[in-house]
Amino acid sequence: MSLRLIFMGTPDFAVPTLLELVAHGHEVVAVYTRAPKPAGRGMKLQPTPVEQEARRLGIPVLTPKTLKTPEALDEFRAHHADAGVVVAYGMILPQAILDAPPLGCFNLHASLLPRWRGAAPINRAIMAGDAESGVTVMKMDEGLDTGDMATIERRLVQLRVRIGADMTAGELHDAMAQSGAGLMTAALSALEQNALDGEPQPTDGVTYAAKIDKAETRIDWSKPWQAVHDHIRGLSPWSKPWQSVHDQIRGPSLFPGAWFEMARERVKVLRTTKGEGSGPPGTALDDRLTIGCGGGSVRVVELQKAGGRPMKAEEFLRGTPVRPGLALS
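To convert, note that position 271 of the sequence shown is 270 in numbering that gives the first Met the number 0; the numbers rise steadily by one, no gaps.
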């Protein structure tokens, strides 16, 4: 037995789930995703990763600007889907859409709900220094990630992922995208057998993952080394217009990552680790790109000049030597 599904998703994060659903024999009758965006040097329209995979699989693709019109609802209902699956779609679903499939709409959210509801759960978990995160399947309602968490035999359909000391947002993104695909497939298998239940989210422990603002991406070396390190790895790396799971409600966008200025040139920091020693904040402590913070230091491992490609610190230093005592703005 298989389910007749509508899949709604946009970035790379959603692709593994789409592929798993198809591989497990579910009939994905339509894919909803965001419209193509201009990207690259020629600013050509670039379809989302989900659209690219859907077309490769021969699944009809729809890119409506809104789902709040009677026409959009009629079109959605015309697919006669049993259920909807939503993974980082980027558009709020009105209640009429949520009620259209007889079995409901289910969302794969990139956090351990109710912690980090909202737009940027992967980034905020790392920026806050969380030791773990994960993915949760929930039955959707009109609220911002407030729906009942799915359960199978009273166990949450939720998977925990450890956040390593130097793990970046990009690495956590990839780990959760793959594990989340299997989690959603398990939930739908239980749904087929009428064995999927729900549990209201607890009122304690609710936090919100606000959209990343460009104004908060500049590195503040005056903060303790751990806060600087978490800030940098929590914003790294997002290099493709559609790569980010961040901003799930308003749609994906490109933001610059953590950065500082050196000789009036912006430099993006992609990876750091704990440094040895301490010194004035924002000052190079050695010739290996160990930078003093408000308490302790971080060592830059990978970085990228404006308009350039990512480089290991050793390669960067061969072209741009940094002497001890150099102050970074």
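All C-beta atoms in this analysis are idealised placements derived from N, C-alpha and C, irrespective of residue type, glycine included.
Report task. Mark R249 as exposed unless 16 or more other C-beta atoms lie within 10 angstroms of its C-beta, in which case mark it buried. Result -> Residue placement at R249 cannot be trusted, given a pLDDT of 32 that sits under 50; the coordinates are not used to answer.
Requested in this report: Could you work out which residue in A194, T32, A305 is closest to R153 when comparing CA atoms only?
Outcome: A194
Query - Cross-strand partners of K43 (DSSP beta bridge) - result: A38
Query raised in the report: Does the distance from the C-beta atom of I5 to that of A82 stay below 9 Å?
Result: Against a cut-off of 9 Å, the Cβ pair of A82 and I5 comes out as a contact.
**Report entry** Backbone CA spacing between R116 and P320 [nearest angstrom]
**Finding:** 43 Å
Query raised in the report: If T16 and M148 are in contact, beta carbons under 8 Å, what's the gap, nearest whole angstrom?
Result: With 8 Å as the limit, T16 and M148 do not qualify as a contact, their Cβ atoms being about 17 Å apart.
**Report entry** Stretch pair the stretch 191-209 + the stretch 266-275: three plus CB contacts closer than 8 Å
**Finding:** no
Query - Whole-angstrom distance between T206 and I162, CA atom to CA atom - result: 18 Å
**Report entry** Inter-residue CB distance, L325 and T282 (contact presumed, cutoff 8 Å)
**Finding:** 7 Å
Requested in this report: Please work out which residues of its chain come closer than 7 Å, Cβ to Cβ, to S178, disregarding the five sequence neighbours upstream and downstream, and give them in chain order.
Outcome: Excluding sequence neighbours, S178 sits near V134, L158, V160.
**Report entry** Beta-ladder partner(s) of L143, from DSSP
**Finding:** Answer is none; L143 lacks a bridge partner.
Report task. Enumerate in chain order the residues of its own chain whose CB-to-CB distance from G295 is below 6 Å, with the five nearest sequence positions on each side excluded. Result -> W224, S277
Query raised in the report: Considering only C-alpha positions, which residue in the set T9, G24, V14 is nearest to L187?
Result: G24
Query - Rounded separation between E191 and K138 - CA only - result: 15 Å
Query raised in the report: What are the partner residues of H172, as DSSP defines its beta bridges?
Result: Beta-bridge annotation (DSSP): H172 is not paired with any residue.
Report task. Report the three-state DSSP secondary structure of V156 (helix, strand or coil). Result -> coil
**Report entry** Cutoff 8 Å; reference R298; Cβ partners in own chain excluding five residues on either side
**Finding:** T271, T272, K273, G274, E275, R287, L288, T289, I290, A312
Query raised in the report: Expressed to the nearest angstrom, what Euclidean distance is found between the alpha-carbon atoms of N122 and I91?
Result: 21 Å
Query raised in the report: Between the stretch 163-174 and the stretch 70-80, are three or more C-beta pairs nearer than 8 Å?
Result: no
Query raised in the report: Quick one: any contact between the stretch 51-58 and the stretch 33-43, if contact means 3 or more CB pairs under 8 Å?
Result: no
Query raised in the report: Is it the case that the Cβ atoms of G142 and V85 are separated by a distance below 9 Å?
Result: no
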